[in-house]
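Novice: To start, I am sharing the structure in question, which I have written as structure tokens.
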Amino acid sequence: MPEANKKGLLIVVSGPAGSGKGTVLSHLLKAGGYRCSVSATTRAPRPGEVNGVNYHFLTREAFIERIARDEMLEYTEYCGNYYGTPKKEAEEVLASGCNLILEIEVKGAANVKRKYPEAVTIMLLPPTGEVLEARLRGRGTESEEVIQERMAQARNEIAQLRHYDYVVYNYDNRAEEAADIIRRIVFAEGYSTVHHPDITDTYFA
Ligand code: 5GP
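First residue of the sequence shown? That's 13 in the working numbering, and the numbers climb one at a time after it.
In structure tokens, the structure reads:
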């Protein structure tokens, strides 16, 4: 009997700083069947970040070379740095039947959807702007100016919501529930006719 799509799905998750992407995605990864793409970037590593784990940290020249060699599935310039998804790794994960999550910003998400219309795009959001601001303040490390910048950035990102397939709200202390909703979206997507071949010629054979 034919079943749901066996090739991994390409899943894009975007969300403003404070949406809790990291926590939600860690719940998804724990359950298995999902891998997160390790992006390449030209930004400097933050304390604790490991090359090849958090990002592939590249010089600008190396990044541009990779673009020229068509080795990026998507890339964008964000806050003065390049960010991109290495194509080879992504294709290998998908071919192995594992779902691949790209945790990328809105421009990259739009590029992926244009190139791979079958990709599932999800925006993860705190339930309200008030909660978002409280989370940004709760970190206690950012100046008022940075908080206001992040809020303005979040507004711009949320303005792109209509270009996404799904929106998932991440309520305080309920990240596991958000991960479960993503799992259920992906489960249903596996049955989408988009991922199934045309069976007109083979069905009655
Ligand atoms: P950060 O510098 O804080 O790690 O990431 C900044 C932004 O870049 C985040 O919104 C993150 O989702 C996005 N980002 C990380 N990797 C990629 C990538 O490979 N492609 C794109 N388009 N955005 C990315």
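Just so it is clear, CB atoms sit at the ideal spot from N, CA and C, and this is done for glycine as well.
According to DSSP, is PHE69 part of a helix, a strand, or is it coil?
Specialist: For the purposes of this step, residue 69 is identified with residue 57 of the sequence shown, where counting begins at 1. Note: PHE69 maps to strand in three-state DSSP.
Novice: Do SER51 and the ligand 5GP come close, with the Cβ less than 6 Å from some heavy atom?
Specialist: Taking the first residue of the sequence shown as 1, we reach residue 51 at position 39. Yes, Cβ of SER51 sits closer than 6 Å to a heavy atom of the ligand 5GP.
Novice: Taking only beta-carbon positions, decide if ALA121 is within less than 7 Å of chain C.
Specialist: Absent here is chain C; the protein component of the structure consists of one chain.
Novice: Do you know whose CA, among GLY20, ALA29 and GLY32, lies nearest GLY44's CA?
Specialist: Here the question's residue 44 lines up with position 32 in the sequence shown. GLY20 is the residue among GLY20, ALA29 and GLY32 whose C-alpha sits nearest the C-alpha of GLY44.
Novice: Pick from ASN182, ILE194, VAL206 and PHE216: whose alpha carbon is nearest that of SER31?
Specialist: Residue numbering aside, residue 31 sits at position 19 when the sequence shown is read from its first letter. For SER31, the nearest C-alpha among the options comes from ASN182.
Novice: Less than 6 Å separating the Cβ of GLU161 from some heavy atom of the ligand 5GP?
Specialist: Here residue 161 refers to the residue found at position 149 of the sequence shown. No, since every heavy atom of the ligand 5GP falls outside the 6 Å radius drawn around the Cβ of GLU161.
Novice: What ranges does the alpha helix (DSSP H) occupy inside the stretch 153 to 201, keeping only unbroken runs of at least 4 residues that lie completely in it?
Specialist: 156 to 170 and 187 to 201
Novice: Does the distance from the CB of VAL206 to the CB of GLU130 come in under 7 Å?
Specialist: Working through the sequence shown from its first residue, we reach residue 206 at position 194. Working through the sequence shown from its first residue, we reach residue 130 at position 118. In this structure, GLU130 lies closer than 7 Å to VAL206 by Cβ.
Novice: Have a look at THR54 and GLY60 and give me their C-alpha separation to the nearest angstrom.
Specialist: Against the sequence shown, residue 54 aligns to sequence position 42. Against the sequence shown, residue 60 aligns to sequence position 48. Going by the C-alpha atoms only, they are around 17 Å apart.
Novice: Under 6 Å from any heavy atom of the ligand 5GP, does the C-beta of GLU169 make it?
Specialist: Numbered from 1 along the sequence shown, position 157 holds the residue referred to as residue 169. Flag unset: Cβ of GLU169 not near the ligand 5GP.
Novice: Grouping DSSP H, G and I as helix and E and B as strand, with all else coil, what is GLY96?
Specialist: In the sequence shown, residue 96 corresponds to position 84, counting from 1. Strand, per DSSP.
Novice: By Cβ distance, which residues of its chain are closer than 7 Å to VAL105, with the 5 residues on each side in sequence left out?
Specialist: Working through the sequence shown from its first residue, we reach residue 105 at position 93. If we look at VAL105 and ignore the five residues flanking it on each side, its Cβ neighbours are GLY20, ARG47 and LEU112.
Novice: Return the CA-CA distance between ARG58 and PHE69, expressed in angstroms with no decimal places.
Specialist: As a working mapping, residue 58 is identified with position 46 in the sequence shown. As a working mapping, residue 69 is identified with position 57 in the sequence shown. Computed Cα separation, rounded: 11 Å.
Novice: Return the CA-CA distance between SER51 and VAL143, expressed in angstroms with no decimal places.
Specialist: By 1-based counting over the sequence shown, the position of residue 51 is 39. By 1-based counting over the sequence shown, the position of residue 143 is 131. Taking the straight line joining both Cα atoms gives about 28 Å.
Novice: If I measure Cβ to Cβ from LYS33 and keep anything under 7 Å in the same chain, skipping five residues before and after, which residues do I get?
Specialist: Counting from one through the sequence shown, the residue named residue 33 turns up at place 21. So the qualifying residues of the chain are VAL25, GLY27, GLU115 and LEU136.
Novice: What did DSSP end up calling ALA217 once you bin it into helix, strand or coil?
Specialist: Within the sequence shown, numbered from 1, the residue matching residue 217 stands at position 205. Residue state, collapsed to three classes: coil.
Novice: Is the stretch 154 to 168 close to the stretch 184 to 200, with three or more CB pairs under 8 Å?
Specialist: no
Novice: Does the beta-carbon of PHE75 have 16 or more other beta-carbons within 10 angstroms, so that it is buried, or is it exposed?
Specialist: Residue numbering aside, residue 75 sits at position 63 when the sequence shown is read from its first letter. Here PHE75 is buried: its Cβ has 16 or more other Cβ atoms, across all protein chains shown, within 10 Å.
Novice: Where do the ends of the alpha helix (DSSP H) carrying VAL36 lie?
Specialist: The sequence position of residue 36 within the sequence shown is 24, counting from 1. From DSSP, the alpha helix (DSSP H) with VAL36 extends over 33 to 43.
Novice: May I ask whether a heavy atom of the ligand FMN can be found less than 6 Å away from the beta carbon of ILE194?
Specialist: Here the bound small molecules are the ligand 5GP; the ligand FMN is not part of this structure.
Novice: Using DSSP bridges, identify the partner residues of GLU115.
Specialist: Here residue 115 corresponds to residue number 103 of the sequence shown, with the count starting at 1. Answer by DSSP bridge pairing, in chain order: VAL25.
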